[in-house]
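Working notes, structure below.
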Amino acid sequence: MFFIIVGFILLLVGLVSFFARFILKNSSQKSSATLVMIVTTVLGIVSLAGSSITMVAASTAGVTKEFGAVKDTVLLEGAHFIVPWFDVVPVYLGQQVGNVKGSQASSKDLQSVHSDLVVNFTVADPLNLYKINTSLNY
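Read in order, the letters of the sequence shown correspond to residues -10 to 127 in my numbering.
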């Protein structure tokens, strides 16, 4: 999200310097405004393009979320172009994963009790990961 905001700010600065070229009378000021326009426009485009690329690591798959709502698009491993306001949530795939949840309590005679619960799982069908993500809130 940071690069999207930076990209729009740079494009706005490039637009302002574009219109400033018509107002300025000195040729050296016009050339510096042209240079600022070109540099900020290129950096803005690179920033917006960079925020549109996501990488999904090996042995994982990605579930896309649009403004927090899970979409039915699953991204398998590799590089992907996405709309910049989509979030990609990696979900482990193809390997056994353990989730550990710890809890503690105390007994009636003030003895401390600690317990850890470990759930090992493997995702069998990567194309249905969005269903797992919506039903289990993983």
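Glycine residues also receive a C-beta, built at the ideal position from the N, C-alpha and C atoms.
The straight-line gap separating the alpha-carbon atoms of Ser96 and Ile(-7) is approximately 52 Å. Annotated as distal: Leu32 and Leu1, with beta-carbon spacing of 7 Å or more. Annotation note: the stretch 21 to 72 contains the following uninterrupted beta strand (DSSP E) runs of length 3 or greater, listed N- to C-terminal: 42 to 45, 49 to 55, 58 to 64 and 67 to 70. Judged by beta-carbon spacing, Thr43 lies within the 7 Å limit of His69, meaning their Cβ atoms are closer than that value. Where Leu0 is concerned, the enclosing alpha helix (DSSP H) starts and stops at Phe(-9) to Ile12.
A contact is defined here as three or more CB-CB pairs under 8 Å, and the stretch 21 to 40 meets this definition with respect to the stretch 3 to 10. Rounded to whole angstroms, the separation of the alpha carbons of Asn109 and Gly91 is 15 Å.
A distance below 7 Å between beta-carbons, with the five flanking residues on each side excluded, links Ala94 to the following residues of its chain, in chain order: Val102. DSSP lists Val102 as the beta-bridge partner residues of Ala94. Under the three-state reduction of DSSP output, Asn15 falls in the coil class, being neither helix nor strand.
Ranked by how close their Cα comes to the Cα of Asp61, the residues Ile121, Phe(-3), Phe(-9) and Ala22 have Ile121 in first place. Taking each of Val5, Glu55 and Lys54 in turn and checking the Cα distance to Ser21, the smallest one comes out for Val5.
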